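Scroll down for the structure; my scribbles are underneath it.
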Ligand SMILES: *[C@@H]1O[C@H](CO)[C@@H](O)[C@H](O)[C@H]1NC(C)=O
């Protein structure tokens with residue numbers, strides 16, 4: 027495991043002598059016990075988060091200059107449904123990519139169903155939907171369609187080919203995401219045999235509201251002039267924070283309703299190269315962070331996010347160890363015929379707004395050192411949204427350019 031060194035006291039600490047710094051780091055930087063991932067549900071959440079981080083790195087590597095957004099639960103849920111129709115060999119291959127091989131859970135499908143339904147509780151502001159589309163001409167086995175429906179409450183959709191299918195598919199995803207994610211599947215061709223689809227919507231619901239909304243402020247860009255974007259701001263905002271000198275970034279955890287948190291990774295420099303941070307991300311690392319970050323109040327300035335992003339994950343999944351399976355999918359419990367995947371559609375929509383149920387205190391707490399702290403997300407950054415009780419990764423994104431977060 028990577029050693030995490032968090033320095034507390036932040037900016038005020040920077041004035042301390044080097045000897046003191048080292049002492050603090052040694053006293054507080056010991057590896058924390060990871061105490062979250064002990065039940066079947068949290069172990070599954072960790073495995074799925076690690077799958078999400080791996081997929082995110084693959085996507086990011088394909089175009090280092092592009093913003094990337096991902097909600098991995100819907101994708102792993104779709105592939106778990108596919109695995110129910112696979113031969114033993116193919117199931118192993120899928121499980122390995124999904125990181126299920128790290129689990130010894132004989133009730134895996136029940137654990138996943140329960141995890142998904144707890145994450146989709148309405149107070150969290152998170153909606154995700156997944157479905158397998160299958161061409162009727164494959165002569166599908168009814169037992170498979172029935173068992174997926176019984177287990178996950180959603181029957182794989184059969185396609186008769188045609189424009190009407192497309193509308194039915196997209197209407198279903200729109201309805202499942204509260205009307206927020208539209209046109210998840212851009213087109214269907216007659217050659218579509220099997221198409222896994224995952225969609226998610228996240229409405230960031232802060233606990234503490236921001237009093238200044240939609241202030242136009244500069245966002246710094248790597249190699250380009252700054253751009254004005256809407257930001258929200260609040261004094262004495264309660265967050266958890268820490269500096270990670272190894273990653274060259276400051277990390278803040280901002281609490282949201284119903285056990286959700288948003289983590290920001292803000293590099294010290296204005297750079298598009300977030301490789302160091304990307305490579306550090308694992309379920310265990312984020313769990314360590316949640317144990318190590320320090321509660322402070324800051325002048326918090328965040329961009330207003332309103333993003334919509336869609337992508338075909340097939341190439342990235344292929345690079346993630348599925349290429350052998352994709353060459354021979356072996357879906358013997360779905361159909362006798364060979365099945366080829368042409369795409370894996372993923373679409374996410376996310377919004378954050380200044381609203382929150384609580385007001386920040388008007389005066390800083392006694393902790394005098396917090397007076398001068400500011401946290402200003404005004405340059406390329408990485409963020410993730412996590413369900414704290416389970417540790418599940420709901421959303422991850424990399425913002426390099428304001429265009430990435432202002433195009434709904
Ligand atoms: C990005 O940063 C990493 C780690 O600091 C470095 O190894 C890599 O060469 C950088 N990539 C580019 C394209 O500058």
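Residue numbers (this note's numbering): 27 to 434. Quick reminder that beta carbons are idealized off the backbone N, C-alpha and C, glycines included. Bear in mind the structure is a predicted one, so any value in this text is a computation, not a measurement.
Pull up the distance between the alpha-carbon of residue i and that of residue j, whole angstroms please.
i, j, result
"residue 235", "residue 373", "28 Å"
"residue 250", "residue 88", "22 Å"
"residue 282", "residue 158", "31 Å"
"residue 324", "residue 355", "52 Å"
"residue 92", "residue 221", "25 Å"
"residue 263", "residue 376", "22 Å"
"residue 191", "residue 154", "21 Å"
"residue 127", "residue 119", "9 Å"
"residue 259", "residue 295", "21 Å"
"residue 334", "residue 409", "15 Å"
Helix or strand or just coil, what does DSSP make of residue i?
i, result
"residue 173", "helix"
"residue 205", "coil"
"residue 322", "strand"
"residue 492", "Residue 492 falls outside the range modelled here, since the chain spans only 27 to 434, and no answer is possible."
"residue 189", "helix"
"residue 214", "coil"
"residue 297", "coil"
"residue 63", "coil"
"residue 182", "coil"
"residue 341", "helix"
For residue i, does the count of other Cβ atoms within 10 angstroms reach 16, so buried, or fall short, so exposed?
i, result
"residue 396", "Residue placement at residue 396 is poorly supported in this model, since its pLDDT is 45, which falls under 50; the coordinates are not used for a value here."
"residue 49", "Residue confidence is low: residue 49 scores 37 on pLDDT, short of 50, so the model does not pin down where it sits. No coordinate-derived value is stated."
"residue 412", "buried"
"residue 378", "buried"
"residue 148", "exposed"
"residue 364", "exposed"
"residue 14", "This structure gives no information on residue 14, because the portion of the chain shown stretches from 27 to 434."
Residues bridged to residue i by DSSP?
i, result
"residue 148", "Bridge partners of residue 148: none, in fact."
"residue 232", "282 and 382"
"residue 327", "259 and 402"
Would you kindly report the start and end of the unbroken alpha helix (DSSP H) that includes residue i?
i, result
"residue 318", "309-318"
"residue 68", "66-88"
"residue 283", "Premise fails: residue 283 is in no alpha helix (DSSP H) and is neither H nor E."
"residue 303", "301-306"
"residue 350", "349-353"
Which residues bound the beta strand (DSSP E) around residue i?
i, result
"residue 120", "Not the beta strand (DSSP E): residue 120 falls in the alpha helix (DSSP H), residues 114-124."
"residue 98", "Run containing residue 98: none in the beta strand (DSSP E); it sits in the alpha helix (DSSP H), 98-109."
"residue 456", "Outside the shown range of the chain, which is 27 to 434, sits residue 456, and nothing can be said about it."
"residue 336", "332-338"
"residue 425", "418-425"
"residue 400", "400-402"
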